[in-house]
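Going left to right, the sequence shown walks through residues -22 to -1, 1 to 822 as mature numbering (1 follows the signal peptide of the UniProt record, and there is no 0) numbers them.
In this text, a Cβ means the ideal position worked out from N, Cα and C, and glycines have one as well.
All figures in this text were calculated on a predicted structure; none of them were measured in a lab.
A short write-up of the structure that comes next.
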Amino acid sequence: MKLRLLFSIWAIAFLLTAQATAGSRIYYLDDGTADVVSRMRTDGTGTTDIANISTNGEGVAVDGEANTVYWVEANTIYRCDTDGNNQITIASGQTGANGVEVSPEEGYVYWTRASADQVWRANLDGTGATLVLTVNDAKDVAVDPAGNHIYVSSQADGTVTRANLDGTGATIFLSGIIVTGIAVDSSTGLFYWCAPSSGAIMRCDSAGSNIVTLVSGLSLPGFVVVDDVDDKLYWTEEGGDRISTADLDGSNEETILLGLSNPDGIAIDNSITKVYTHQAGDPIGDLAALKPGDELHLLPGTFQLDDVSVGAGVEIIGAGNPEDIIIETGFGSDSFSFSSSSGHDGSIESLTMTGGEKGITAVNSSPNIKNCIFRGLRKANAPQFVSAFGIRAQGSEDILIEGCQFIGSPDGAIFLSGATATIRSCTIVGSRVYAIYVNSSSTANVERCIIANNSFGTSLCFAPSVGNFSCNLIYGNGNDDICGNDLGGNFIADPEFCDFNASDLSLKSTSPALPYQHPSSACEEDLIGAVGEGCVPPSITSISDVGNDQGGQVRISFDAASWDSPRDNPVVAYEVYREIDANNDKPTVLRGALMTQGWEFVTEVPAHQELEYSLIAATLADSTSGNTHLSNFFVRARTQDPGTYFDSSTASGYSVDNLAPGAPGGLQFAPPYLLAWEEAPEEDHACFNVYGSTIPIFDPSAVLIGSTTDPSYDTNGNLYTYYFVTSKDFAGNESLPAATNRVGVFDPDIAPSVTALHGARPNPMSSQTLIRFDLAQDSPVSLVVYGLRGEKVRTLASAFYRAGEHRSSWDGRNDQGVAVAPGMYFFKLTATGHQSHGKVVIFR
């Protein structure tokens, strides 16, 4: 039985009980078009802007224990809380201010002034500012309280100076280097720096020796920081506009954040952030006990929660697909509420909220709400149209609503009253009144959203038109598409949902909301809406011949369709269709009726939620050495609903008959000129080839003297001592030869009684020898010469021979026609039921 947990301002019943783990945060300064100080998780997710800056920002530091962040901006050192609140000035008028570092152990914040050649420090609240050290072009600063050292880089001099924390004992620690950002690992004393000219992250020991390159090939690395808890390095690249990470030895390099405009500072906080993981049924407890930056991870399942008040800076995150993490709320209640003072007050990510009146309420707060689904909300107070929204914000600033789906909200998806918000990449469908309502005291920037099929009211209303409305797709709304603004910069088109009636808001491959398929070129590069391409059809990856067969079939391999998964109306089978080939009259047994579009059903395979499939399909003709015959196929993913299916693109392949026929049987020579043999049993038999030779070996010296479809051939005019006959099929495959000679008619009464190898004559040999052998019965024969190490030297015979006496000559050359070295060689005779060996010596 599931217990409904009730949260309110007067009753909080449980303590946090699930396991908590450390969760570091990266803070960075982006001094380009964004002009912000932001934070993120160490894997690059959960990016949150905590402070807007002007131009000329550089350097960032964090005091995790005090929950404060410091940065340099326009000759001023600033500080704010890690949630963006309580911003103060630490020091102003600091001309040339560049790098900043905080030392909580000492209670100081340090900064450099490059143009003044100075390093300063002050108390953490900015009082007691003191000049510590003079260094030419002081660029960046790193502090090692454990080693009682301060390090300062000079880009102009190509040096790093090290001094005591009070500025005494200054010496040149490193010289002859171009260095920007620096960092020191207090636990090991190892020193790290960015070398922009060589595009590398470097390291040396505490004596300035043993310099090594850890990471190379970078584009203008600027700042570096050491995570001595998880043994990681993080750095910025101004040339690549990104943040990357690697192990402390430089291995496992990985980019974690792209798309920055000028990353100009980086710091890490691994001192306070904790991650609490819960599964359905766990008591979640007192969220007020969580500190800013702490995370509550909810595992897949259904959580029955009412009116959960989220503390400042706390992040509640679904650990998986939001479809699988359900917040079920009682009638008339809200799932979550934010009510802190202004600032960045945490986030809700990757959850589905259902059952309540509102999913999220934000009053005087600024949450980030990302990748959430709002559906099945219920209106408790019918006369009030503002009561049942997915998100209702009042008196709040800088709310970010991104990547969310709103399905069937009674009063609307989003209501803003005296609030400012960015609404980006959301999909809003089925709202009963307004999809988005922005009242006169609010401002909204609505970008790259799909607003479609909202039943009764206006889809979007600015009253008056305050904010920006761009690159949105508007379609099929019950009343006006927009009021208080116009549709400039947006477009009207069917978004082409995969299955709107089943609330599947993913997009068909032809949707105009997909990148580079928008009617507006200004919007073409990015996805519009919260969900990308979803009903992905199967994709043929290869069509290959089935080997070692008589042709007529290919193996088709393909990737599964996206609906081949646990869902409503899943894929149940994959059907293969072949294009009709009117020019080929090869008889083929087909199943099903002929398709009017010129395709016919061939075969099918059941679906079992695999990622890949393959099957055998018939072709109408084989390719040969002289003609390539392509067959065209496509694969259809069939669902439980016969009218819902997904077709792959077409692909071509061909089959080949790659089985050679058997050697003709019963070959005889009937004097004076007639060769005769048995009929070929193969259905794809094309002809017989007849060869003549002066030696009993079927090799390139044998001459093709004719071809015939009859089981006989007149050799008059083509007299040879030995004859070979092969069978050939329509694909061009040729059999091994049957062999006979022109020395009379074979008489079984005088055939040798045993198969025997009689040796070589002459032996030793100088230029040529003759090897004689007897066959007691018709047999395939192999006669091969080998060297002393067992390597094959020459094949003298490899054919089908009649019973009788036979001879084979060897000229002392290998299969490549090269004379072999003098010495001993062995030859081996293999026939039906027989193996024997001989030897021969070559002298020259």
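By the 10 Å Cβ neighbour count, where 16 or more other Cβ atoms means buried, how is residue i classified, buried or exposed?
i      : result
Val554 : buried
Val818 : buried
Tyr494 : exposed
Thr60  : buried
Val40  : buried
Ser165 : exposed
Gln238 : Here residue 238 turns out to be Leu, not Gln, going by the sequence shown. Classification for Leu238: buried.
Ile295 : buried
Asp183 : exposed
Ser153 : exposed
Glu661 : exposed
Leu274 : buried
Gln528 : buried
Ser222 : buried
Using DSSP bridges, identify the partner residues of residue i.
i      : result
Gln746 : For Gln746, which the question treats as bridged, DSSP gives no partner whatsoever.
Glu293 : Glu273 and Ser325
Gly816 : Phe805
Asn423 : Thr400 and Asn446
Tyr6   : Ser16 and Ile244
Ala797 : Arg791
Asn299 : Answer by DSSP bridge pairing: none, since Asn299 is not bridged.
Trp49  : Val38 and Tyr56
Going by beta carbon distance, what residues of the same chain come within less than 7 Å of residue i, once the five residues before and after it are set aside?
i      : result
Gly145 : Val110 and Leu111
Ile150 : Thr137 and Thr139
Tyr623 : Arg614, Ala615, Arg616 and Thr617
Asp95  : Thr112, Val113, Asn114, Asp115 and Ala116
Ala654 : Gln646, Ala648, Pro689 and Ser690
Ala777 : Phe676, Phe702, Leu714, Pro715, Ala717 and Val759
Taking the beta strand (DSSP E) that residue i falls in, what are its first and last residues?
i      : result
Gly801 : Gly801 to Ala809
Ile160 : Ile160 to Val162
Ala599 : Run containing Ala599: none; DSSP gives neither H nor E here.
Lys210 : Lys210 to Glu215
Gln257 : Careful: Gln257 lies outside any beta strand (DSSP E) and carries neither H nor E.
Val286 : Val286 to Val288
Asn349 : Taken as a continuous stretch (DSSP letters only), Asn349 belongs to no beta strand (DSSP E), as it is neither H nor E.
Val706 : In the sequence as presented, Val is not what sits at residue 706; that position holds Lys. Element bounds for Lys706: Tyr700 to Asp707.
Val15  : Val14 to Arg19
Trp89  : Tyr86 to Arg91
Asp482 : Asp482 to Leu485
Glu36  : Gly35 to Asp41
Gly77  : Ala75 to Ser81
Thr137 : Thr137 to Asn142
Tyr779 : Lys770 to Tyr779
Ile221 : Arg220 to Asp225
Phe151 : Thr149 to Ser153
Ile683 : Val681 to Thr686
Phe475 : Phe475 to Asp477
If you drop the 5 nearest sequence neighbours on each side, which residues of the same chain put their C-beta closer than 6 Å to that of residue i?
i           : result
Phe393      : Val364, Phe367, Arg370 and Tyr415
residue 826 : Outside the displayed range of the chain (-22 to 822) lies residue 826, so it cannot be described from this structure.
Ala92       : Gly74, Asn76, Asp115, Ala116 and Lys117
Val190      : Arg181
Residue i: which of the options sits nearest, CA to CA?
i      : options                           : result
Glu231 : Trp213, Pro689 and Asn446         : Trp213
Gly200 : Thr191, Gly218, Ser194 and Gly159 : Gly159
His256 : Leu277, His815, Met331 and Ser187 : Leu277
Ala599 : Arg545, Trp541, Gln531 and Ala654 : Gln531
Glu293 : Pro544, Ser671, Glu79 and Tyr254  : Tyr254
Thr405 : Val202, Asn711, Glu380 and Gly396 : Glu380
Ala729 : Ser175, Gln755 and Arg739         : Gln755
Ala44  : Asn34, Gly37, Val80 and Ile31     : Val80
Ser757 : Pro642, Gly291 and Gly510         : Pro642
Gly801 : Gln813, Arg822, Ser222 and Asn792 : Arg822
Gly640 : Phe666, Ser626 and Asp752         : Phe666
Leu226 : Gly386, Gly186 and Val207         : Val207
Going by beta carbon distance, what residues of the same chain come within less than 8 Å of residue i, once the five residues before and after it are set aside?
i      : result
Pro764 : Before going further, note that residue 764 is Tyr rather than Pro in the sequence given. For Tyr764, where only same-chain residues beyond five positions count, the Cβ hits under 8 Å are Lys770, Val771, Tyr803, Phe804, Phe805 and Lys806.
Glu590 : Thr519, Ser535, Phe536, Asp537 and Ala538
Thr672 : Ser679, Tyr698, Thr699 and Tyr700
Does the beta carbon of residue i fall short of 7 Å from some heavy atom of the ligand COA?
i      : result
Ser197 : Although the ligand COA was asked about, the structure shown includes no ligands whatsoever.
Taking CB distances under 8 Å as the criterion, tell me whether residue i reaches chain C.
i      : result
Leu753 : In the structure shown, chain C does not exist; there is a single protein chain.
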